[in-house]
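Structure, as structure tokens:
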């Protein structure tokens, strides 16, 4: 479908597809197997100038927004949903600075992210606090000109690879969710360490580790916004980043559809390509409709967010949920179209199915999203 | 230091099919790209500029007006500017006339120290244009370059790939270097490059602009003529061995045993 | 200035039969209102249409140049004798084989040109393989190939003796040298010819070469210039047999020192050890393609090659996937081979690959796709999984050769 992208957006799309096709796709299976972080591909991202597409021009970016980030994430994820995350999760770690950073913070951190010199990560989740951000145990205690951080963040994407971390910690436990604040922590700050790399089902080349703070002292200027704003920073960040997860999902789904269509021509049974069988045709048609509907929803939501609209939580949740459910369904169907071959690692679709699953889970499970969508609906109806 | 990269626009695939009904090449939908070997030349030019910390890279191509697309791609990879040589009078040029025309343009651009191009074009495979250009310009050449060890405004030391290994050659500049794929891995275009390429003005020079001798360009200037074009006769297929792998492999071993024992 | 198009359709003669549309290999002709219309952007002036037209309705206009040269002053067929480390390379012997045939048709001498140092012995070899004369330029400065002195010497020799045909191997040296000589002499040069013949009436060298990845063949002539120059790739022609009893003349030539000057300087020649038998020289080649699937799987191919004492080849897709190095690539952009036995495993047989190996004596194709084009050129084909067949074949031969 033609989404009437601007020339620049189309350029981003074309370039990211070229990167996916020529650089990511050939190495995706290898990285999936080894679980290594694809630094060589991060270098390609940097050289291609795509790292700054969603960062304001005055900080060395291209001045795009959520839509540009989504377009790029989708195309890169078509190549590999794990490798693309080095780029997309940097976006997640950067949004708090773009949204709540002051002039000094933006000038200090954004240019290196925009140029691809540094990756970023967002550290919210803990062992006992995922979707329930109020349960955060990591503390930030003010001591003179510093905050001292203590605690352990879990399942942090890009951990260990990123240079810049935006971290949510409790400055005032008594106030619950309203006692959280967000800080910028640089990787080489004394007291920052990382846990072992998680061995995951999918998105295996993406780095997922614990970030451990042990009396980690950071300058007090590193707080984003002010004390007590942490929960709001996190929520607003997710509102902006969920279309990115959705885009990752739709990129994976599109790849699954492409592979399935291609295979259906090649595979012959009973003397005919299986694409000539109605049973397969109907599956492909359903897959294509769902992928396109997901994309349309993401692009619309992204445009709305970029316009500066206020109530974006609902559409953000909708596109993430719809696209990730679609990705799971479409990749599962792609494996089905491939039959026994689809189950084998020599063929690309089982990886897509493994990679798709996480999109239903992270940045808020789809159940949490549905809850949020429903509560928005109810609130709207009562207003 | 000025570097000129010669690029040719070619069909994306050499696997051009013949329509058996009309006996014509099926060209529909065949995308046009920069000759893959020229991509290495572009990359090497960019690396020379990076290495020297200065330099201007001019991409030069001769072809129909749509070859402008290839030049824009060269700019999106990082070339500073581009020039297209396009004129009906260039039609029918063989390698002699092409290298003459390119040499005229290189003279017009002026003050160039290094001329880079791919060892050959993927559609013609002649490997004649690079040496032809160096001869028309009366400057040295090194063909099949797989590494540039050293380069400055006075000389270059390079490795030329041979059938047995490689030669190390020192050459004064200006020089024509034709490169092989072992020399580097071409980068992708960058977003900023793509935007620059979109806006770049690419001058089109004609035979008149170049002050070409009309007897040396196009069909008239080409010593060679194509007189016949035909589809190659297929080699007759032989026998397909039937049976389970155990049987077929055994039968095959019997059939080719004499060749192997000699 | 009136612009004259180099090709045009004479509408009064065109009957709209559309034979030219069929003949055009470039899809440059369409019929509009029952007349042929040529798209000059697509047209390469190859002349196929003019030849096909029964009504002389298509004319290719060539400005009549006053013949600058007297074509009849040019006689003899020359072969450039490529030497490395003082040894004439076999591609030159292959050219002597074809050259002899051409010279006999033209009724002229076959001559070899040899540039090098202390090459007298090698001259005998050239004569034994068919040369009537050998032009020998002996100088320490010509010991190893360098562009400038070789170009100068060969250009001078040709200008002096005026051969009508010059053949050269399409090697690294040959391609670098002969392109320069052709430009200097304003002579026509055709690369990578797979067929050479003579049109005796016009004394023209008919040079046939693959174009567009070998999907079509083109015959090329150089009607108005001399010499007519062509390169031929190694292993495309059959080597001339040596007859030590043959007699020939050695003509020594010397040039002033400046002819030997080189602007570039050859500092060193490095030889890299091949991992297996030299591919182009191998009698038996076992090749793997996309069907091999991975770098590791190439061991199956290597094992069979090793067992048969043959070399390992590969298709372009296997090389592009980095399963094996480029030096193993057979085909249009790799090496041309002509072994006694070529075993293609998991190679579909794209035309570019076929060009590089189709003159092999016996071709075996193992491929699970019964539609694979390789099967149409194979002497023996097995439609099956190479991972089953190849190891079994290796076992059989281990027994046979034990």
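Protein chains in written order, with the numbering used here: chain L, 96 to 478; chain V, 17 to 278; chain C, 129 to 530.
For every residue, glycine included, the Cβ atom is placed at its ideal position computed from N, Cα and C.
Open item on the list: Going by DSSP in three states, residue 362 (chain C) sits in which element: helix, strand or coil?
Closed with: coil
- [ ] Find out if the Cβ-Cβ distance for the pair residue 293 (chain L), residue 287 (chain L) is shorter than 9 Å.
- [x] no
Open item on the list: Is it the case that the stretch 197-205 of chain V contacts the stretch 43-62 of chain V, given that we only count it when at least three CB pairs across the two stretches are under 8 Å?
Closed with: Yes: the two stretches touch, three or more of their Cβ pairs being nearer than 8 Å.
Open item on the list: Which residues in chain V have a C-beta closer than 7 Å to the C-beta of residue 134 (chain C)? List them in chain order.
Closed with: From the beta-carbon of residue 134 (chain C), the residues of chain V found nearer than 7 Å are 107, 108, 234, 235.
- [ ] Pull out every residue of the stretch 514-526 of chain C whose Cβ sits closer than 7 Å to any Cβ of chain V, in chain order.
- [x] 516, 517, 520, 521, 524, 525
Open item on the list: Using 8 Å as the cut-off, can you tell me whether the stretch 93-105 of chain V makes contact with the stretch 215-222 of chain V, which would need three or more C-beta pairs spanning the two stretches below that distance?
Closed with: yes
Task: Any chain C beta carbon closer than 9 Å to residue 176 (chain V) - done: yes
Open item on the list: Can you give me the C-alpha to C-alpha distance between residue 334 (chain C) and residue 131 (chain V), rounded to a whole angstrom?
Closed with: C-alpha of residue 334 (chain C) to C-alpha of residue 131 (chain V): approximately 34 Å in a straight line.
Open item on the list: Can you give me the C-alpha to C-alpha distance between residue 254 (chain C) and residue 157 (chain V), rounded to a whole angstrom?
Closed with: One C-alpha to the other measures close to 30 Å.
Task: Among V:135, V:80, V:71, nearest to residue 193 (chain V) - alpha-carbon criterion - done: V:135
- [ ] Closer than 7 Å by beta-carbon distance: list the chain V residues that pair up with residue 107 (chain L), in chain order.
- [x] 207
- [ ] May I ask you to verify whether the stretch 245-264 of chain L touches the stretch 217-236 of chain L, counting CB pairs closer than 8 Å and requiring at least 3?
- [x] yes
- [ ] Identify, in the order they occur along the chain, each residue of the same chain with its Cβ nearer than 7 Å to the Cβ of residue 394 (chain C), setting aside the five sequence neighbours on each side.
- [x] 272, 274
TODO: Quick one: residues in its chain with C-beta nearer than 8 Å to the C-beta of residue 379 (chain L), no 5 flanking neighbours on either side, listed in chain order?
DONE: Excluding residues within five positions, the ones whose Cβ falls inside 8 Å are 352, 355, 356, 359, 370, 432.
Open item on the list: By the three-class DSSP mapping on this structure, what secondary structure does residue 388 (chain C) have?
Closed with: helix
TODO: Say whether the stretch 76-96 of chain V touches the stretch 182-192 of chain V, bearing in mind that this needs 3 or more beta-carbon pairs closer than 8 Å, one atom from each stretch.
DONE: The stretch 76-96 of chain V, when compared against the stretch 182-192 of chain V, does not touch it at the 8 Å Cβ threshold.
Open item on the list: Give the list of continuous alpha helix (DSSP H) stretches no shorter than 4 residues that lie fully inside the stretch 188-257 of chain L.
Closed with: 198-209
Open item on the list: Output needed in chain order: residues of the stretch 137-148 of chain L with a Cβ under 9 Å from some Cβ in chain V.
Closed with: Those residues of the stretch 137-148 of chain L that come within reach of chain V (Cβ to Cβ, closer than 9 Å) are 139, 142, 143, 144, 145, 147, 148.
- [ ] Note down, in chain order, every chain V residue with its Cβ under 8 Å from the Cβ of residue 117 (chain L).
- [x] 204
TODO: Give the straight-line distance between the Cα atoms of residue 473 (chain L) and residue 412 (chain L), rounded to the nearest whole angstrom.
DONE: 15 Å
- [ ] Report the three-state DSSP secondary structure of residue 448 (chain C) (helix, strand or coil).
- [x] Per DSSP, reduced to three states, the secondary structure at residue 448 (chain C) is helical.
Open item on the list: Below 8 Å on C-beta distance, what does residue 211 (chain V) contact in chain L?
Closed with: 103, 106
- [ ] Measure the C-alpha to C-alpha separation of residue 177 (chain C) and residue 108 (chain V) and round it to an integer number of angstroms.
- [x] 14 Å
TODO: In angstroms with no decimal places, state the Cα-to-Cα distance between residue 527 (chain C) and residue 426 (chain C).
DONE: 22 Å
- [ ] Tell me, please, whether the CB atom of residue 404 (chain C) is closer than 9 Å to any CB atom in chain V?
- [x] Summary for residue 404 (chain C): the model assigns pLDDT 48, below 50, so the residue's position carries little reliability; its value from the coordinates is reported in the next sentence. No, its Cβ sits nowhere closer than 9 Å to a Cβ of chain V.
Task: Under 9 Å between C-beta atoms of residue 181 (chain L) and residue 256 (chain L) - done: Yes, they are a contact pair.
Open item on the list: Any heavy atom of the ligand GDP inside 8 Å of the beta-carbon of residue 158 (chain C)?
Closed with: Ligands displayed in this structure: none; no statement on the ligand GDP is therefore possible.
- [ ] Indicate whether residue 91 (chain V) and residue 212 (chain V) have their beta-carbon atoms separated by less than 9 Å.
- [x] For residue 91 (chain V) and residue 212 (chain V), yes; Cβs fall inside 9 Å.
- [ ] Please compile the residues from chain C whose C-beta is within a distance smaller than 9 Å of the C-beta of residue 227 (chain V).
- [x] Close to residue 227 (chain V), with beta-carbon spacing below 9 Å, lies no residue of chain C; the smallest spacing is near 15 Å.
Open item on the list: Do residue 332 (chain C) and residue 208 (chain C) have their beta-carbon atoms positioned less than 9 Å apart in this structure?
Closed with: no
- [ ] Closer than 6 Å by C-beta to residue 436 (chain L): which residues in its own chain qualify, once you throw out the five before and the five after it? Chain order, please.
- [x] 442
Open item on the list: Whether or not the stretch 197-204 of chain L and the stretch 335-351 of chain L are in contact is what I'm after, with contact meaning three or more pairs of Cβ atoms, one per stretch, closer than 8 Å; do they touch?
Closed with: Touching, no, given that fewer than three Cβ pairs across the two stretches are closer than 8 Å.
Open item on the list: Let me confirm a value: residue 321 (chain L) is counted as buried when at least 16 other C-beta atoms fall within 10 Å, else exposed. Which label applies?
Closed with: exposed
Open item on the list: With the cut-off set at 9 Å, would you say residue 234 (chain V) and residue 134 (chain C) are in Cβ contact?
Closed with: Yes. Within cutoff.
Open item on the list: Here's the rule I'm using: 16 or more other beta-carbon atoms within 10 Å means buried, otherwise exposed. How should residue 141 (chain C) be labelled?
Closed with: By the beta-carbon neighbour count (other beta carbons within 10 angstroms, threshold 16), residue 141 (chain C) is exposed.
Task: Contact between the stretch 119-130 of chain L and the stretch 101-109 of chain L (3+ Cβ pairs under 8 Å) - done: Cβ pair count under 8 Å is below three, so no.
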